[in-house]
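Be aware that the sequence shown starts at 888, since it is given in our numbering, and climbs by one per residue. These notes are about the structure you will find just below.
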Amino acid sequence: MKSKQLIVASTILVMKITALQVLFLAVSAFSLSAKDSLAQNILEKRITLNVKNESVQQVITLIKQQTNVDFHFSASSIKAQRKMTCNVTNKTLLDFFNEELSIINIGYRIVNDQVVLFHNNKENEFDPNNSKIVKELGVTVADIEISGYVYDEKGVPLQGVTIREKGAQSATSTNEKGFFRLKVKSANAILSISSVGYTPQEVVASSEKALIIALAATPNSLQDVIVVGYGTQKKINNTGAISTITTKELVQSPVANISNSLVGRLPGLFATQGGGEPGNDASRIRIRGAGTFSGNTDPLVLVD
């Protein structure tokens, strides 16, 4: 019976995660399709030019006037003052870029509904993540949006999980459905996922699909059995203050009496050492200080 229940639960979990993956793949595909559609609309705009020995910069100005498209470029990089001649009628920007500008080694990229021109070689090709080039061109590159779900090992959505971009200030947390959305600076950003009671993870961001993250519970000591007074109790049920010290720590101090080695190693413990003469070198131990509420500062010592 239990095995059947486990199989059913596992099947439901797989179905849930698969459905979420399909949903977010569809959303991601729609987002990518929208971006492609925007770029396609720009490249399908048509121009008519008849220029002779005009500067590249002047030609770009004429194109901008006809299309209302913003152009960004480094004048020194594309040598905007050099002369060019062209005669085109009702030609798309795509054809103009590929036929006229490519001849003079000028490449293009569509970034945030703007056309970025650059000197067409691999060394100087425009990179949206290269802050130096972005600053030079004056183009504002939008942050990349990352989204996904966070579950526990049983497939239950986790709320309040912190998702932070490593090395940056951007951070967010999951909602009651385990969903999160975060804007990062790079498509290859490292995301740090953490939550109390779970083992932290680091994953590589992806702007093309939703992230499905499963956090494992952190092994803890709440089920440990501890000695309290004359009995034992689970730590999770104990309301008192428990401090522990091991023999490995005690032997690190070269003292004549073991009571002296407790000083400074247990919180809330105070000790006054005796005169040091033979038989009087032990410390008087108090807990919680001389001003404790009960007035009795002597500890109960149990020797196993």
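Yeah, the Cβ is synthetic: ideal placement off N, Cα and C, and Gly gets one too. Keep in mind it's a predicted model, so treat the numbers as computed, not measured.
Query                                                                                                                                                                  : Result
Could you give the C-beta distance for residue 1042 and residue 1061, rounded to a whole number, given that I count them as a contact under 8 Å?                       : Wrong, their Cβ atoms sit about 14 Å apart, outside the cutoff.
Quick check on the DSSP output: the alpha helix (DSSP H) that includes residue 987 runs from which residue to which?                                                   : Here residue 987 belongs to no alpha helix (DSSP H), and DSSP marks it neither H nor E.
Let's see if you can read the secondary structure: which residues bound the beta strand (DSSP E) around residue 979?                                                   : 970-979
Give the single residue among 1164, 1144, 1170 whose Cα lies nearest to the Cα of residue 1156.                                                                        : 1170
Under 8 Å between the Cβ atoms of residue 1050 and residue 1066?                                                                                                       : no
Kindly indicate which three-state DSSP category residue 955 falls into: helix, strand or coil?                                                                         : coil
Just confirm the distance between the C-beta atoms of residue 962 and residue 944, as a whole number of angstroms; I'd bet it's less than 8 Å.                         : 7 Å
Tell me where the alpha helix (DSSP H) around residue 1149 begins and ends.                                                                                            : Element bounds for residue 1149: n/a, residue is neither H nor E.
Below 8 Å on the Cβ atoms is my guess for residue 1082 versus residue 1045; work out the distance and round it to an integer in Å.                                     : 6 Å
Under the three-state reduction of DSSP, which class applies to residue 962: helix, strand or coil?                                                                    : helix
By the DSSP assignment, the beta strand (DSSP E) with residue 1135 in it spans what residues?                                                                          : Careful: residue 1135 lies outside any beta strand (DSSP E), inside the alpha helix (DSSP H) at 1134-1137.
In three-state terms, what does DSSP make of residue 950?                                                                                                              : helix
Do the CB positions of residue 1085 and residue 1058 come within less than 8 Å of each other?                                                                          : no
Alpha carbon to alpha carbon, what distance is there between residue 1079 and residue 1053?                                                                            : 6 Å
Whose C-beta lies closer than 7 Å to the C-beta of residue 983 among residues of the same chain, with five residues either side of it excluded?                        : 934, 975
Our contact map puts residue 930 next to residue 980 with C-beta atoms below 8 Å; I'd like the distance itself, whole angstroms only.                                  : 5 Å
Tell me which same chain residues have a C-beta within less than 7 Å of the C-beta of residue 937, skipping the five on either side of it?                             : 974
Since residue 1140 contacts residue 1172 with CB under 8 Å, what's their CB separation in whole angstroms?                                                             : With a Cβ gap of about 15 Å, residue 1140 and residue 1172 do not count as contacting.
Checking the sheet assignment: what are the DSSP bridge partners for residue 1104?                                                                                     : 1085
Answer with buried or exposed for residue 989, where buried requires no fewer than 16 other C-beta atoms within 10 angstroms of its C-beta.                            : exposed
In angstroms, rounded to a whole number, what distance separates the CA positions of residue 1152 and residue 1164?                                                    : 24 Å
In three-state terms, what does DSSP make of residue 898?                                                                                                              : The predicted model places residue 898 with a pLDDT of 48, which falls under 50 and marks its position as unreliable, so this point remains unresolved.
When you compare the CB positions of residue 1099 and residue 1071, do they come within less than 8 Å of one another, or not?                                          : no
Here's a check: name, in chain order, each residue in its chain whose Cβ is nearer than 6 Å to the Cβ of residue 1187, leaving out the five neighbours to either side. : none
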